[in-house]
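*Asks:*
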Amino acid sequence: MRFRPCIDLHAGQVKQIVGSSLTDDNPAALQTNFEADHQSDWYARLFRSNNLTGGHIIRLGPGNDVAARRALAAWPGGMQLGGGITIDDAPHWLAAGADAVIVTSWVFHDGQIDHQRLRRLSSLIGPDRLALDLSCRRRDADYFVVTNRWQNFTRAKITPALLDDLAGYCREFLIHGVDVEGKCGGIEMDLISILGRWQGIPITYAGGIRELADIDAIDRLGNGRIDFTVGSALDIFGGSQLRYRDLALRYGLGRS
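Residue 538 is where the sequence shown starts when you use our numbering, and the numbers rise one by one after that.
(1) Take the Cβ of Ser-793 as the centre, count every other Cβ of all protein chains shown within 10 Å, and call the residue buried at 16 or more, exposed below.
(2) For Ser-777, which residues from the same chain have a beta carbon less than 6 Å from its beta carbon, with the 5 sequence-adjacent residues on both sides left out?
(3) To the nearest angstrom, how far is the alpha carbon of Asp-702 from that of Trp-687?
(4) Please classify His-547 as buried or exposed, where buried requires at least 16 neighbouring CB atoms within 10 angstroms.
(5) Among the candidates Tyr-580, Ala-608, Asp-574 and Arg-787, whose CA atom is the shortest distance from the CA of Leu-749?
(6) Quick check on the DSSP output: what are the complete beta strand (DSSP E) runs of length 3 or more inside the segment 604-686, in order along the chain?
(7) What is the DSSP secondary structure of Ile-695, counted as helix, strand or coil?
(8) Please name the residue, chosen from Pro-613, Asp-670, His-646 and Ile-752, that lies closest to Asp-578 on a Cα-to-Cα basis.
(9) Which value, in whole angstroms, describes the spacing of the CA atoms of Gly-621 and Asp-783?
(10) By the DSSP assignment, the alpha helix (DSSP H) with Gly-733 in it spans what residues?
(11) Does the separation of the CB atoms of Asp-756 and Met-538 fall below 8 Å?
(12) Helix, strand or coil for Ser-793? Go by DSSP, reduced to three states.
(13) By Cβ distance, which residues of its chain are closer than 8 Å to Gly-549, with the 5 residues on each side in sequence left out?
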C-alpha cells in the first residue's frame, strides 16, 4: 500500500472541495474546504522531492489547463492527469508530461461503458498510459460509477466482473468514494471491502480519510493491495489530522 498524492484544480487554483457538492444546476452549492496560496507547480515539486510517483492531477471543470501544464512541467512523467480527457487530447497531455491520462466520462457515456471507445483509446496510447477513473456513489446496497464531475449515475456497478472486464485496457483504477469525498468523516468501508477481494491491477482509493485509523482500515480491508490518496485532512491542504511528511515517509516509494 502506497500514498498517492493529488492536486485538485478548480477555476485555475489548487483546492479541496466536497465532491458531492459539484453541480452544474447550482454552482453556488459548491463547498470549498481549502484554497491554496501556492501554485500547482509548488505541490508537484514537493511530491517530486519525496519521489511520490503515481499521484494525480484532476481538472475539476474548465479553466484549469494552465495550472495543469505548470504542474506537469514541474515534474515531467511524475504524475497522471484527469478531468474531461478524451481521445482527442489524451496524446497532447501525455506529450506535455503526464505519466498517464485518467479517463471516465469519455468511456462511460449514455449511462454505460462504450467498449468501442475504450478499445480505441487504449490502442492509441497503450494500456500502460491509461488509468480508468471508476469513482462511484452508493445507491441502495451497491456502488455505481458516476460521470460528469460525479453528477450522473451510470449503470456500471462496481463488482469483480466489472473490474475484470476493464483491467485489460488500462494499467490501474482510481476510485473516489464520492459520497464521502472531502468530508473527512470516514471512508467507504463497504466499497473498500469489495475492492480488497479483487486481485488484479493496482487500485487507488480516495474519499473520507481523516486519520491514521482510516488508512489502517484501508490496508486491512484492501489486503495491503489498495493505495490511497488524502485531500482535505492533510496539513498541506489546510487539514490538521494528518501530516504530509509523515505519510510520505511511512507510505512512500518502496512500500508494497
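Virtual Cβ for every residue (Gly too), placed ideally from N, Cα, C. For clarity, every value in this text was computed on a predicted model and none was experimentally measured.
*Replies:* So, to answer that:
(1) Reading the sequence shown from its first residue, position 256 is the one you call residue 793. At Ser-793, the pLDDT of 37 sits below 50, so the modelled position is not reliable; the number obtained from the coordinates is stated separately. Ser-793 comes out exposed.
(2) Position 240 of the sequence shown holds residue 777. If we look at Ser-777 and ignore the five residues flanking it on each side, it has no Cβ neighbours.
(3) By 1-based counting over the sequence shown, the position of residue 702 is 165. By 1-based counting over the sequence shown, the position of residue 687 is 150. Each residue's alpha carbon lies about 22 Å from the other.
(4) Working through the sequence shown from its first residue, we reach residue 547 at position 10. Label assigned to His-547: buried.
(5) Sequence index remark: in the sequence shown, residue 749 carries index 212 (1-based). Residue Arg-787 is the option with its Cα nearest to Leu-749.
(6) 616-619, 638-640, 667-670, 673-676 and 679-684
(7) Position 158 of the sequence shown holds residue 695. Ile-695: coil per DSSP, three-state reduction.
(8) Counting from 1 along the sequence shown, the entry for residue 578 is found at position 41. Of Pro-613, Asp-670, His-646 and Ile-752, the residue nearest in Cα terms is Pro-613.
(9) The residue given as residue 621 occupies position 84 in the sequence shown. The residue given as residue 783 occupies position 246 in the sequence shown. C-alpha separation (whole angstroms): 32 Å.
(10) Locating residue 733 in the sequence shown gives position 196, counting from the first residue. 726-733 is the extent of the alpha helix (DSSP H) around Gly-733.
(11) For the purposes of this step, residue 756 is taken as residue 219 along the sequence shown, with counting starting at 1. For the purposes of this step, residue 538 is taken as residue 1 along the sequence shown, with counting starting at 1. Result yes, Cβ atoms of Asp-756 and Met-538 sit closer than 8 Å.
(12) Taking the sequence shown and counting its residues from 1, one reaches residue 793 at position 256. Model confidence at Ser-793 stands at a pLDDT of 37, short of 50, so the residue's coordinates are unreliable; what they give is reported in the following sentence. In this structure, Ser-793 counts as coil in the three-state DSSP scheme.
(13) On the sequence shown, residue 549 is found 12 positions in, with the first residue counted as 1. Excluding residues within five positions, the ones whose Cβ falls inside 8 Å are Gly-600, Asn-601, Val-603 and Ala-604.
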